[in-house]
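Peer 1: Sending over a structure as structure tokens; questions will come in a sec.
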Amino acid sequence: MSRFFSQKYKDLTPYTPGEQPKDFKYIKLNTNESPFPPSKKAVKVGKKVLNQLNLYSDPTCSDIRKAIAEKIGVSKDEIIFGNGSDELLYLSFLAFCDEKRGVAFADITYGFYKVYAKLNNLNAKVIPLKDDFSINIADYFNLNKTIFIANPNAPTGICLSLEQIEKIVSENINSVVIIDEAYVDFGGKSAIPLTKKYDNLLVIQTFSKSRSLAGARLGLAVGNKELINDLNTIRYSINPYNVNKTTLKLGEFAYLDDEYTKSNCNTIIENREFTVEQLKKLGFSMTESKANFIFVKHESLSGKKIYQKLKEKLILVRHFDLPRINEYVRITIGTKKQMQALISALNEIITEEK
Ligand SMILES: *Cc1c(COP(=O)(O)O)cnc(C)c1O
């Protein structure tokens, strides 16, 4: 810390991203990226924009906004884009939380909520998940706080039903409820249709997982137009050109390429169920995941050991050294071949450790 660093942030612990090694020697199952390249149609259009990068990107994001609003059946004023959904989450913390209102989220969920709360000096009500890592929705009724819920949750993959989401939203009509649907395409149901009925619901999605654009940085949020307007007020106060020109085009055409996204998601779901069955035979247990990752623990090996031994075998997974979950590892679902390599490696590790 320099002597110039703001006193406001002296106790801030930043988010720790998963390892992003430069060499390609690892099978990378640690940050929930897609193993498949972006849509070819999207890349083709995205490339054409490269020689227009002397000009700023469109701050209104009009082309992509029109295309996607039409596709999902909302008006153009009900949607906003961000530099990754992380940025939209951050804008939501700025727009809808203050010291008086505070914020609420689960004890085991996306790590950024805690960081953003601290960064903004907010009072966070941290609500413990049940022993089986599921959410008790009654814990979220009438909180009088801005609520953040990842659905499916990370890193557990557990998914609430739309009825449960609606119940939480309707029991908090005077607070904004933000549903982070980063993994919804792998088996969940989107709450976007509920935004018509509730003016306190904001749904955030990302292009990083099911749409294979993690490196392009794009997210979207859908909600009542006044919520979106508030987010734009903050966005225009920080960086109106928050999404670059190439990404706007990539995102537009990737979103329209449904067939490709659906087929990739189906493959991931199949590979997930295959991996779950195989790992159970090896003595693993896991939460019921509706995401592109599984959250597993072994009957005799610790989470840390599994992480380390897999890394020696050039397979990267994610281990969180945190209370309640340090016996677990989170494994991204990749191609069938990658999953077979993972299963063989785990088989070897278990045999070696016996
Ligand atoms: C991956 C992830 C995000 C971040 O997505 P970006 O769009 O890449 O910023 C947000 N929320 C959850 C729960 C995630 O797992």
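All you need for my numbering is the position in the sequence shown, starting with 1, plus 694.
All C-beta atoms, glycine included, are put in the ideal place defined by N, C-alpha and C.
In this text the structure is predicted, and so the values were computed from the model without any measurement.
1) In this structure, does DSSP put T840 in helix, strand or coil?
2) Alpha carbon to alpha carbon, what distance is there between H992 and D1015?
3) Can you look up Q899 in the DSSP assignment and give me helix, strand or coil?
4) Who pairs with I1025 in a beta bridge, going by DSSP?
5) For my contact list, E875 and I898 are in at a C-beta cut-off of 8 Å; report their separation, rounded to the angstrom.
6) Return the bridge partner residues of L914 from the DSSP annotation.
7) Compute the distance between the beta-carbons of K919 and D771, then report whether it is under 9 Å.
8) Quick one: give me the first and last residue of the beta strand (DSSP E) that S979 is part of.
9) So, under 8 Å CB-CB, L942 and D752 are touching, yes? Tell me the CB distance rounded to an integer number of Å.
10) Could you have a look at D924 and say whether DSSP puts it in helix, strand or coil?
11) Helix, strand or coil: how does DSSP classify R697 here?
12) Given E860, which residues of its chain have a CB within under 7 Å of its CB, disregarding the five upstream and five downstream residues?
13) Which residues share a DSSP beta bridge with A885?
14) Secondary structure at I831, three-state DSSP: helix, strand or coil?
15) Measuring from each Cβ to the nearest heavy atom of ligand 1, keep the ones under 5 Å and list them in chain order.
16) In the DSSP assignment, find the unbroken alpha helix (DSSP H) run with V863 in it and report its ends.
17) When burial is assigned at 16 or more other CB atoms within 10 Å of the CB, is N866 buried or exposed?
18) I believe P846 touches V878 by the beta-carbon criterion, under 8 Å. Please report the beta-carbon distance rounded to the nearest angstrom.
19) Below 9 Å between beta carbons: does that hold for G778 and T900?
20) Whole angstroms are fine: how far does the CA of S696 sit from the CA of E1047?
21) Could you give the DSSP three-state label for K722: helix, strand or coil?
22) Skipping 5 residues on each side, what residues in its chain have a beta carbon closer than 6 Å to that of K883?
23) Could you check the C-alpha separation between L710 and R759 for me, to the nearest Å?
24) Which residues bound the alpha helix (DSSP H) around A763?
25) Tell me the DSSP bridge mates of I821?
26) Mapping DSSP to helix, strand and coil, what is R1012?
27) Give the range of the alpha helix (DSSP H) segment to which V809 is assigned.
28) Contact between the segment 1017-1033 and the segment 966-974: three or more CB pairs below 8 Å?
29) Which residue wins for smallest C-alpha separation from E1006, given the options E1042, K794, G881?
30) If you reduce the DSSP assignment to three classes, tell me which class V737 lands in.
31) What three-state label does DSSP hand D874 in the structure shown?
32) Find the nearest neighbour of A844 within the set L854, N817, F835, judged by alpha-carbon distance.
33) Let me know if D717 comes out buried or exposed under the rule of 16 or more other beta-carbons within 10 Å of its beta-carbon.
34) Count the CB pairs spanning the segment 800-814 and the segment 945-952 that are closer than 8 Å, and state whether there are at least three.
Peer 2: A quick look at the data gives this:
1) strand
2) D1015 and H992: Cα-Cα distance of roughly 16 Å.
3) strand
4) I988
5) 7 Å
6) F775, Q899
7) D771 is positioned such that its CB atom lies closer than 9 Å to that of K919.
8) 978-980
9) 7 Å
10) When DSSP states are grouped into helix, strand and coil, D924 belongs to the helix group.
11) coil
12) L888, listed in sequence order.
13) Paired residue(s): none; A885 is not in a bridge.
14) helix
15) G778, S779, D780, Y804, A844, A848, D874, A876, T900, S902, G913
16) Its alpha helix (DSSP H) spans residues 856-864.
17) buried
18) 7 Å
19) The answer is yes: Cβ separation under 9 Å.
20) 46 Å
21) strand
22) Excluding residues up to 5 positions away in sequence, L856 lie with their Cβ nearer than 6 Å to the Cβ of K883 in the same chain.
23) Here residue 710 turns out to be Thr, not Leu, going by the sequence shown. One alpha carbon belongs to T710, the other to R759, and they sit about 31 Å apart.
24) Looking at the DSSP string, the run of the alpha helix (DSSP H) that includes A763 is 756-766.
25) Partner(s): A800.
26) R1012 sits in a strand when the DSSP states are folded into three classes.
27) Residues 806-813.
28) yes
29) Cα-wise, what sits closest to E1006 is E1042.
30) V737 carries a helical assignment under DSSP once its states are collapsed to helix, strand and coil.
31) strand
32) L854
33) exposed
34) no
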